[in-house]
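Before any comments, here is the structure.
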Amino acid sequence: MSHPVGSLSEEYGSRMGKAEDSLILLERNRSSEDPWEMVETKPNIEALERGVPGLYFSCYDMLLTEDARWLLKVSDSPATLAIPTNPMENLEAPEQCPIIDSQEQGLSPGLVGQEEERSLEQVQSMVVGEVLKDIETACKLLNITPDATEWNTANVQKWLLWTEHLYRLPHAGKAFQELTGKDLCAMSEEEFRQRSPLCGDTLHAHLDIWKSAAWMKERCSVVETKATGHEELWSEADSSCSGQPIHLWQFLRELLLKPHSYGRCIRWLNKEKGIFKIEDSAHVARLWGLRKNRPAMNYDKLSRSIRQYYKKGIIRKPDVSQRLVYQFVHPV
DNA sequence: AAGGAGGAGCTTT
DNA sequence: AAAGCTCCTCCTT
Numbered sequence: 001m002s003h004p005v006g007s008l009s010e011e012y013g014s015r016m017g018k019a020e021d022s023l024i025l026l027e028r029n030r031s032s033e034d035p036w037e038m039v040e041t042k043p044n045i046e047a048l049e050r051g052v053p054g055l056y057f058s059c060y061d062m063l064l065t066e067d068a069r070w071l072l073k074v075s076d077s078p079a080t081l082a083i084p085t086n087p088m089e090n091l092e093a094p095e096q097c098p099i100i101d102s103q104e105q106g107l108s109p110g111l112v113g114q115e116e117e118r119s120l121e122q123v124q125s126m127v128v129g130e131v132l133k134d135i136e137t138a139c140k141l142l143n144i145t146p147d148a149t150e151w152n153t154a155n156v157q158k159w160l161l162w163t164e165h166l167y168r169l170p171h172a173g174k175a176f177q178e179l180t181g182k183d184l185c186a187m188s189e190e191e192f193r194q195r196s197p198l199c200g201d202t203l204h205a206h207l208d209i210w211k212s213a214a215w216m217k218e219r220c221s222v223v224e225t226k227a228t229g230h231e232e233l234w235s236e237a238d239s240s241c242s243g244q245p246i247h248l249w250q251f252l253r254e255l256l257l258k259p260h261s262y263g264r265c266i267r268w269l270n271k272e273k274g275i276f277k278i279e280d281s282a283h284v285a286r287l288w289g290l291r292k293n294r295p296a297m298n299y300d301k302l303s304r305s306i307r308q309y310y311k312k313g314i315i316r317k318p319d320v321s322q323r324l325v326y327q328f329v330h331p332v
């Protein structure tokens, strides 16, 4: 079977080939519903309304197909364009999105072949870039390392919770209790299935992708960083790497820093004055809960914590108080 | 119904 | 001890 990622690079062909099977398996198992309310199809639709002749898609969604070449043939199909987006962080600004042009450009047959090859390569490097980026985001959010072999039992549970949450899998954490990342990595797909008949294979596939990503990071992070333009990949300059537990206000700042990923749930109203609005309170609370490993987190509790900042002079209500709008006392 | 203010006791680090 | 978490009451939008 011809897979999009398989021929990506001879260097890590076999490794990625494995991950690629995992990705396809994931697609088969994934619910057709958008697994993450945070990133809806809205941006795609907006893009369409603007008449952008490009495709915005996630690596996972792309791999749904048997062959990435379909991308060259679907630009006249709006239904295909409204692809449910990747749950994590795939919606780049349009200008940063690789755009796959279609035959609308009136290419000659020969050129079409070349273009296809080029586009395919483009797509492939994008797939890898997106996967790495998604994992990086998950790591920051969960405060775990990308290398699964370094996970302790708590990290494993976090990862499980996260993956289950993303893909609406039944909770299987108990079946993997007491297991470290090393244990997990040593387990076969069959062993995964034994522990969790319902989603063991999916979890195993996901872990495989993480393993591949860690492998690739080690092997050719420089190349990939260049190729995908994601300079911040695996960067250390983040609060999640400082050792200290993250503060709520820092976490909110981080979300605000990434409007591409979180703009649908929290955004600046006035960045200069530090005024921001929580657009989706439940979602921000869920993210905070994930970050702090507090499954019972909700907006009621999160907002109580924000209100504690009033006395400390970190966050306040803006002069004209609005629902879900807060202001950093010391904007950067 | 959802959000906001703040008290109070508890937990985690 | 600090920083939240949790639960709660009362109030506002």
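UniProt numbering numbers the first residue of the first sequence as 1 and each following residue consecutively.
By construction, the Cβ of each residue, glycine as well, lies at the ideal position given by its N, Cα and C atoms.
Going by the DSSP bridge assignment, what does residue i pair with across the sheet?
| i | result |
| --- | --- |
| R316 | Q327 |
| F276 | W268 and Y326 |
Name the residue from the options whose alpha carbon lies nearest to the alpha carbon of residue i.
| i | options | result |
| --- | --- | --- |
| P197 | A172, D147 and T137 | A172 |
| residue 339 | L160, Q194 and P245 | No answer is possible for residue 339: the residues shown for the chain start at 1 and end at 332. |
| K292 | N143, D183 and I135 | N143 |
| A175 | T153, R168 and L256 | T153 |
| C139 | I315, L287 and H247 | L287 |
| residue 395 | D147, Q244 and R193 | Residue 395 is absent from the model: the chain starts at 1 and stops at 332. |
| A213 | R168, C265, L132 and R193 | L132 |
| P295 | H165, I135 and M187 | H165 |
| L207 | P245, I246 and N155 | N155 |
| L141 | F192, I246 and Y167 | I246 |
Taking the Cβ atom as the reference point for each residue, do residue i and residue j lie within a distance shorter than 9 Å?
| i | j | result |
| --- | --- | --- |
| Y299 | I278 | yes |
| K211 | C185 | yes |
| E189 | A205 | yes |
| T149 | G181 | yes |
| L290 | W162 | yes |
| I315 | V329 | yes |
| P318 | V325 | yes |
| Q327 | F251 | no |
| V284 | L255 | yes |
| L302 | L269 | no |
| D280 | R264 | yes |
| P259 | R253 | no |
Starting from residue i, trace the alpha helix (DSSP H) both ways and give me its first and last residue.
| i | result |
| --- | --- |
| V189 | The residue you asked about is not Val; residue 189 is Glu in the sequence shown. Where E189 is concerned, the enclosing alpha helix (DSSP H) stretches over E189 to R195. |
| C185 | G181 to A186 |
| A172 | Per DSSP, A172 belongs to no alpha helix (DSSP H) and is neither H nor E. |
| G289 | S281 to K292 |
| P259 | P259 to Y262 |
Quick one: is residue i buried, meaning 16 or more other Cβ sit within 10 Å of its Cβ, or exposed?
| i | result |
| --- | --- |
| S261 | buried |
| K273 | exposed |
| E232 | Only weak support is given to the placement of E232: the predicted model assigns it a pLDDT of 34, under 50, and the value that follows is read from those uncertain coordinates. It counts as exposed. |
| E178 | exposed |
| V320 | exposed |
| S125 | Note that S125 scores a pLDDT of 49, beneath 50, so its modelled location is shaky; the value from the coordinates is reported in the next line. Under this definition S125 is a buried residue. |
| P170 | exposed |
| E136 | buried |
| A79 | Residue placement at A79 is poorly supported in this model, since its pLDDT is 34, which falls under 50; the coordinates are not used for a value here. |
Should residue i be counted as a contact of the ligand GTP given a C-beta to heavy atom distance under 8 Å?
| i | result |
| --- | --- |
| G200 | The ligand content of the structure shown is nil, which means the ligand GTP is not present either. |
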